[in-house]
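Our numbering puts the first residue of the sequence shown at 14, with every later residue one more than the last. Where is the CB? At the ideal position from N, CA and C, for every residue including glycine. Quantities reported herein were computed from a predicted structural model and do not represent experimental measurements. Data first, discussion second: the structure below is written as structure tokens.
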Amino acid sequence: MKTLSTHELLENLNRRYATKQFDTTKKVDEIELNAILDSFHLAASSSNIQPWGLVVVENPELRKQLQTHAYGQSQIVDASHLLVLCRRTQVDEAWVDAIIDETVATRGQQPSDLDGLKQMKMGIIGMLGDQLPCRAANQVSIAAWFVLSACASLGVDACPMGGLDPAGFDQVLGLDDKHLATVMAIAVGYRSDSDKYATAPKARLPKEDVIFFE
Ligand SMILES: Cc1cc2nc3c(=O)[nH]c(=O)nc-3n(C[C@H](O)[C@H](O)[C@H](O)COP(=O)(O)O)c2cc1C
14 MKTLSTHELL
24 ENLNRRYATK
34 QFDTTKKVDE
44 IELNAILDSF
54 HLAASSSNIQ
64 PWGLVVVENP
74 ELRKQLQTHA
84 YGQSQIVDAS
94 HLLVLCRRTQ
104 VDEAWVDAII
114 DETVATRGQQ
124 PSDLDGLKQM
134 KMGIIGMLGD
144 QLPCRAANQV
154 SIAAWFVLSA
164 CASLGVDACP
174 MGGLDPAGFD
184 QVLGLDDKHL
194 ATVMAIAVGY
204 RSDSDKYATA
214 PKARLPKEDV
224 IFFE
């Protein structure tokens, strides 16, 4: 199996940057978009509860409305696609049952084999109680990193965006009905030649200030 060399990995990660200006003439093609969406779908979550959802927004009218809830940031309308990453607001027994059913189907197990697993998932959900929205949002951030890494590997540019009003996004996209709530957005596409941030060297604290060996 071919894997990336450490050099290629770091090259991809250094090339990646939070894109401020997108080339409005370039679209991410369907194969690459699907691979990016698959990366979200393959993200890790606590006990595989997958407390999230992702909405792909292409519609220019909706994107104009979303821009007003994102401090007017141009990436919202200029990127090829806008991905809105959400936490799930209804993480209950029915949701756990759907995961168990899927596990039974994909792994060819008997439903009774997974009774313990179901109890474990329900136990975690019960234990988290009021913390569930916050924990779900944390996990959406992990899924976001899957998406950003996939983009970096594919040479697709992206901007992770937390500078937005989640309630405004929820309202424009009618997310309540899907039992979703906005956590962040990721604009994906291709950098504009005039984006000066594309060539700005990475500004990071010294490694010894943030990475420790014991
Ligand atoms: C959770 C999160 C929210 C962010 N929100 C925005 C945003 O709203 N707009 C923006 O232009 N960049 C946003 N960024 C990008 C960061 O500013 C950027 O990643 C950081 O300055 C480091 O620069 P680099 O990613 O280009 O290396 C966000 C990044 C993260 C991780």
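Secondary structure of I62 (DSSP, three-state): coil.
Under the three-state reduction of DSSP output, H54 falls in the helix class. The residue among A171, D51, E221 and A216 with its C-alpha nearest the C-alpha of F35 is A171. Under DSSP, V68 forms a beta bridge with V97. Contact between A156 and N25 does not hold, since their C-beta atoms are separated by about 19 Å, which reaches or exceeds 8 Å. Residue side-chain check: P179 keeps its Cβ at 8 Å or more from all non-hydrogen atoms of ligand 1. Per DSSP, L193 is one residue of the beta strand (DSSP E) stretching across L193 to G202. K209 counts as exposed, since fewer than 16 other beta carbons sit within 10 angstroms of its beta carbon. The DSSP-derived three-state label of A171 is strand. Check the Cα spacing between T212 and each of K134, T32, V41 and K77: the tightest is with T32.
Put simply, the backbone Cα of K77 is about 27 Å away from that of F159.
Check the Cα spacing between V169 and each of I44, H20 and I224: the tightest is with I44. Beta bridge pairing from DSSP links F35 with R204. Distances taken from the Cβ of A107 to the heavy atoms of ligand 1 include none shorter than 8 Å. For V41, the CB contacts under 7 Å within the same chain, skipping 5 residues up- and downstream, are S93, H94, V169, V201 and G202 in chain order. Proximity of the stretch 127 to 134 to the stretch 111 to 119 meets the contact definition, three or more beta-carbon pairs being nearer than 8 Å. Not one heavy atom of ligand 1 lies closer than 8 Å to the C-beta of S93. In this structure, K134 places its C-beta atom within 9 Å of the C-beta atom of N61. Boundaries of the alpha helix (DSSP H) around K134: D128 to L141.
Taking C-beta atoms as the reference points, V97 and V68 count as a pair closer than 9 Å. Proximity of the beta carbon of P124 to ligand 1 is not indicated: no heavy atom of the ligand is located closer than 8 Å. In the three-state DSSP reduction, R217 falls in the coil class, being neither helix nor strand.
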